[in-house]
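Line order of the protein sequences matches chains A and B.
Going letter by letter, the first sequence gives residues 15 to 277 in the numbering used here.
Going letter by letter, the second sequence gives residues 41 to 365 in the numbering used here.
Note that CB positions come from ideal geometry on N, CA and C, so glycine has one too.
Following: one structure in structure tokens, then a few remarks.
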Amino acid sequence: MENIVVRNNVTILGQGDQPLIFAHGFGCDQNMWRFITPAFMDKYKIILFDYVGSGNSDINAYSSEKYQSLQGYVQDLLDIIETLSLQNSIFVGHSISAMIGLLASIQHPDYFKKLIMIGPSPCYLNDDGYLGGFERSDIAELLDMMEMNFTGWASYMAPIAMSNPEQPALTQELKQTFIAADPIIAKEFAEVTFLSDHRSELPKVSVPSLIIQCSEDSIVPSSVGDYLHQHLKNSTLQLMEAKGHYPHISHPNETIQCIADFL
Amino acid sequence: MEKRLNNAPCGFLSITHEGLISEINRTLLDWIGYEQEELLHMHLEILLSTPNKMIFHSYFYPMINLEGQVEELFIHLKQKDGMSVPFLMNAKLYKEDLVERIDCILVKMKKRIDYEQELRSAKKLLEAAYQEKDRALANLEQIHVEIEHQQAKLLEMNAALVELSMTDKLTGLKNRRFFQEQLEQHFNHFHETAETFSLCILDIDHFKKVNDTYGHQVGDDVLVQLAQLLQIQVRLEDIVARYGGEEFIIILPETEIPAAKEIGEKIRHTVEQDGWPTGSLTISMGIATVTSEDTETTLIKKADKALYGSKEHGRNKVTHFHEIK
């Protein structure tokens with residue numbers, strides 16, 4: 015129990031009983047909900063956390079094998095729900111996290127009462143008539159850009175860290191670099207996020223869902239919202255006036271309203 | 041905008057909370073080939089390719105709003121002609137009364153980026169080389185393990201061969217070769233420590249008759265039975281070997297004349313008492329105890345002479361060499 019709470023840096027807030035789980039998206043941590051949570055403090059039990067590899071999670075719990083697919087992150091979410099014995103949770107997920115919550119709800123529909131998805135996408139890549147918004151070359155360029163934007167990246171050389179028994183001091187130093195260098199994890203998270211395709215899972219979802227789509231989402235084309243709405247039973251599509259991909263930061267009030275209306 | 045900022049040697053850009061461009065200086069406009077009217081009130085995205093939008097939205101935007109500032113963001117802006125220009129950008133959240141702006145300073149890093157790209161490709165080559173090295177090492181380790189395994193197998197086989205080369209196939213006793221080696225060692229030991237030892241040669245009486253009467257199979261059975269009997273009767277430190285045909289030889293370490301005779305007598309008696317496929321069976325024995333003048337050859341000769349003495353005196357006897365002088 016302790017382990018999961020520490021591992022995922024779980025924070026519990028609010029005075030209510032109804033669990034309201036906020037799950038951050040790619041590139042962020044639980045901090046991103048800062049402008050949203052105050053509005054729900056008095057009536058809900060708010061659960062915030064960081065996925066392993068993000069924010070203040072226990073980076074030692076990260077392994078490339080486990081988190082090479084979204085299932086690793088789905089397990090993080092399920093672990094938290096089970097550890098805290100949460101029932102009938104309302105799940106709010108941003109971006110890729112919306113998909114993580116959705117996959118978790120397929121495995122355990124009974125854990126979830128409602129899914130609220132902000133800027134969700136089941137597949138970021140364009141594919142034969144499906145407009146995901148990204149070409150493969152975009153993903154490659156994005157990974158490059160990420161690499162060049164993270165300090166520590168250049169100094170970290172994976173193969174050296176893997177084995178260097180003849181120079182234990184060096185290995186030690188690199189180990190520390192690794193702990194400080196979530197760049198590698200961020201890159202793997204980016205790959206998992208942007209190369210994943212969960213379109214075939216959509217029909218398996220039974221929990222009622224709200225799709226919150228920005229009017230001009232610069233990351234996810236608005237057609238993706240329509241696509242999700244068509245393929246998800248019991249789904250509601252809510253188009254926001256807000257533009258961008260982070261309405262909960264750029265337009266917190268409108269976002270709060272959307273969530274509150276659906277609760 | 042103040043004239044000096046407008047023409048400052050860096051790009052200046054201010055955007056609203058929603059990301060709309062509210063100010064942009066001449067320097068930056070010149071760099072990216074736009075006029076001010078084309079960009080004012082447009083979303084910054086107009087200057088960003090898809091991956092750069094992603095960087096902007098997933099790193100820059102949350103960070104500037106949560107932390108109030110961003111330093112050294114590497115980002116590309118699209119020129120009007122579509123060309124992509126790399127920039128290093130610092131940004132700070134500016135708030136006064138109800139006005140909120142994100143002020144950005146941009147520096148072109150064309151030359152710098154070429155240098156960085158070179159470093160990156162060198163790093164990638166190095167990584168690949170390291171991976172190759174690790175693979176080669178793993179391969180070598182595998183080969184090493186196999187060689188060690190083969191070597192252990194060879195050693196085992198060699199030990200088995202050595203054992204085989206020193207063993208008499210029929211009786212399972214040590215053979216004459218082994219005996220010769222042991223005798224040599226006992227002589228060395230004797231010269232170093234003067235510790236006496238005795239040698240005992242024995243031979244089945246009328247063995248030719250056993251073979252002739254009962255056949256070679258029974259002859260072999262008798263040899264095997266006698267070998268077992270000898271092995272049981274001697275002490276742990278004694279060395280029994282088949283010397284050839286129906287002749288056996290025993291080295292008795294640290295054994296003087298009387299003790300040697302006693303052991304010989306005990307063996308002779310046991311053989312006589314034992315049950316044999318031929319009914320009864322006896323052996324004759326000759327013993328010699330080492331003296332300082334002895335060599336391996338003379339000692340064997342002495343024991344042989346003593347054996348001859350036993351035969352001469354009616355067989356089924358134990359004779360020590362010193363008795364026949």
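Can you give the Cα-Cα distance for residue i and residue j, rounded to whole angstroms?
i              : j              : result
V264 (chain B) : E232 (chain B) : 36 Å
A172 (chain A) : E156 (chain B) : Unreliable positioning characterises A172 (chain A) in this predicted model, as indicated by a pLDDT of 40, which lies under 50. A coordinate reading is not provided.
I153 (chain A) : N92 (chain B)  : 10 Å
E136 (chain B) : K118 (chain B) : 31 Å
V139 (chain B) : I18 (chain A)  : 42 Å
Q257 (chain B) : D314 (chain B) : 19 Å
K193 (chain B) : F237 (chain B) : 38 Å
R21 (chain A)  : Y99 (chain B)  : 23 Å
C42 (chain A)  : P102 (chain B) : 8 Å
L139 (chain A) : A118 (chain A) : 22 Å
R44 (chain B)  : L84 (chain B)  : 23 Å
G86 (chain A)  : V206 (chain A) : 10 Å
G326 (chain B) : Q225 (chain B) : 21 Å
K173 (chain B) : S237 (chain A) : 48 Å
T389 (chain B) : G319 (chain B) : As displayed, chain B neither begins before 41 nor continues past 365, which places residue 389 (chain B) out of reach and without an answer.
P261 (chain A) : R175 (chain B) : 48 Å
L335 (chain B) : Q220 (chain B) : It is Thr, not Leu, that sits at residue 335 (chain B) in the sequence shown. Rounded to whole angstroms, T335 (chain B) to Q220 (chain B) spans 12 Å at the Cα level.
I26 (chain A)  : H122 (chain A) : 22 Å
L34 (chain A)  : I104 (chain A) : 5 Å
P179 (chain A) : L84 (chain A)  : Bear in mind that a pLDDT of 41 at P179 (chain A), under 50, signals an unreliable position, so the number given afterwards is only what the model happens to contain. Looking at the two C-alpha atoms, the distance is approximately 33 Å.
L68 (chain B)  : V66 (chain A)  : 40 Å
G39 (chain A)  : E255 (chain A) : 21 Å
S78 (chain A)  : E202 (chain A) : 8 Å
V147 (chain B) : I153 (chain B) : 12 Å
W47 (chain A)  : I263 (chain A) : 8 Å
I198 (chain A) : T269 (chain A) : 32 Å
V274 (chain B) : H362 (chain B) : 22 Å
A131 (chain B) : G30 (chain A)  : 39 Å
K80 (chain A)  : I64 (chain B)  : 46 Å
E42 (chain B)  : Y125 (chain A) : 59 Å
I366 (chain B) : K214 (chain B) : A query on residue 366 (chain B) cannot be resolved here, the shown segment of chain B reaching from 41 to 365 and no further.
E352 (chain B) : E235 (chain B) : 31 Å
P52 (chain A)  : K257 (chain A) : 22 Å
E302 (chain B) : P317 (chain B) : 27 Å
I233 (chain A) : N46 (chain B)  : 32 Å
E155 (chain A) : S161 (chain B) : 15 Å
R355 (chain B) : R308 (chain B) : 11 Å
G59 (chain B)  : G143 (chain A) : 31 Å
N248 (chain A) : A200 (chain A) : 33 Å
According to the neighbour-count rule (16 or more other Cβ atoms, all chains shown, within 10 Å of its Cβ), is residue i buried or exposed?
i              : result
L53 (chain B)  : buried
T337 (chain B) : exposed
G146 (chain A) : buried
R282 (chain B) : buried
M159 (chain A) : buried
D260 (chain B) : exposed
R150 (chain A) : exposed
S205 (chain B) : exposed
V185 (chain B) : exposed
L88 (chain B)  : buried
K151 (chain B) : exposed
G69 (chain A)  : buried
V24 (chain A)  : buried
T331 (chain B) : exposed
K357 (chain B) : buried
M123 (chain B) : exposed
D231 (chain A) : buried
E200 (chain B) : Correcting the residue identity first, residue 200 (chain B) is Ala in this sequence and not Glu. Answer is exposed; the Cβ neighbour count stays below 16.
I61 (chain A)  : buried
M197 (chain B) : exposed
L180 (chain B) : exposed
Contact defined as beta carbons within less than 8 Å: I believe residue i pairs with residue j. What is the distance between those atoms, to the nearest angstrom?
i              : j              : result
H116 (chain B) : V125 (chain B) : 6 Å
P293 (chain B) : E277 (chain B) : 5 Å
I340 (chain B) : L270 (chain B) : Contact doesn't hold; Cβ gap of about 18 Å is too wide.
P136 (chain A) : L251 (chain A) : Not confirmed; about 14 Å, so no contact.
L80 (chain B)  : I86 (chain B)  : Contact doesn't hold; Cβ gap of about 11 Å is too wide.
L106 (chain B) : N45 (chain A)  : 6 Å
E287 (chain B) : D243 (chain B) : 5 Å
Measuring from the CB of residue i, is there a heavy atom of the ligand COA at a distance below 7 Å?
i              : result
K135 (chain B) : Summarising the ligand content, the structure contains no ligands, and the ligand COA is consequently not present.
Exercise. Which ranges does the alpha helix (DSSP H) cover as unbroken runs of at least 4 residues, wholly within the stretch 195–270 of chain A, from first to last along the chain?
Worked result: 197–209, 236–245, 261–264
* Please determine if the stretch 64–72 of chain B and the stretch 158–176 of chain B are in contact, where contact requires at least 3 C-beta pairs separated by less than 8 Å. => no
Exercise for the section: Taking 8 Å as the threshold, find out whether the stretch 127–138 of chain A comes into contact with the stretch 221–235 of chain A through three or more Cβ pairs. Expected result: yes
For the 8 Å Cβ check, are there 3 or more pairs between the stretch 64–78 of chain A and the stretch 95–109 of chain A? Contact between the stretch 64–78 of chain A and the stretch 95–109 of chain A is not established, with fewer than three Cβ pairs separated by less than 8 Å.
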